[in-house]
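Numbering (UniProt numbering), first residue to last: 1 to 206.
Glycine is no exception: its CB is placed at the ideal position from the N, C-alpha and C atoms.
Note that this is a predicted model, so its numbers are computed, not measured.
Only one structure is covered here, and it is reproduced in the block below.
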């Protein structure tokens, strides 16, 4: 059974996200049918979903990402503490500015797989926060696909758990620091691979 504070926070989040879902549908009854068009956006800057898709669809997107974040907390076997709540609201907030289910879930999956491979405790607050904040890399999954997204999440988790030694604890935001490293490393490589596939080298006639 859920502990008292965890149950209370879960009820609060459930009511909040269900309300957002209902209000979203009330603003635009066709939002659900149009949601698949939002999925086609990679999430790269600038991705203002309110400007491009409307307030109703954005509320629906925020609610769905909220439920997905809750689902990840349960998958990891963690609890709803203050930091975890903050991480969930961070994901939900950026659901209005670049994040959606298609580019976010692969990142979380990559983090979860890294926990299993390296035998880190997936239920720890640090690991759960890493999964939530790693969605800063969502544009990679949106632009390059599911597999690169999973790889980005995997590398992000591996780096977050070790990058503290690099800066000696001076930088308190390991996730942002690590996300920048992963993006700087992966994006040029993925872009190069795509350019090769798009413009294959012409064979010589000789």
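In this structure residue 189 is exposed. Its beta-carbon is surrounded by fewer than 16 other beta-carbon atoms within 10 angstroms. By the C-beta criterion, the region 111–125 is judged not to be in contact with the region 8–16, since fewer than 3 inter-stretch pairs fall below 8 Å. In this model, residue 120 and residue 192 are separated by some 32 Å (Cα to Cα). In the three-state reduction of the DSSP assignment, residue 197 falls in the helix class, which pools H, G and I.
Contact annotation: residue 138 and residue 107 have beta-carbon atoms nearer than 8 Å. Pairing residue 27 with residue 64 gives a Cβ-Cβ distance that is not under 8 Å.
The beta carbon of residue 91 sits closer than 6 Å to those of 65, 69, 132 and 135, all from its chain and outside the five residues before and after it, given in chain order. With contacts defined by Cβ atoms closer than 8 Å, residue 148 and residue 101 do not form a contacting pair.
With a beta-carbon spacing of about 4 Å, residue 123 and residue 78 fall inside the 8 Å limit used to define contacts. Between the alpha carbons of residue 153 and residue 180 lies a gap of roughly 12 Å. Here the alpha carbon of residue 160 sits roughly 8 Å from the alpha carbon of residue 177.
Taking 8 Å as the cut-off, the Cβ atoms of residue 42 and residue 145 do not count as close.
Between residue 80 and residue 6, the gap from beta carbon to beta carbon is short of 8 Å.
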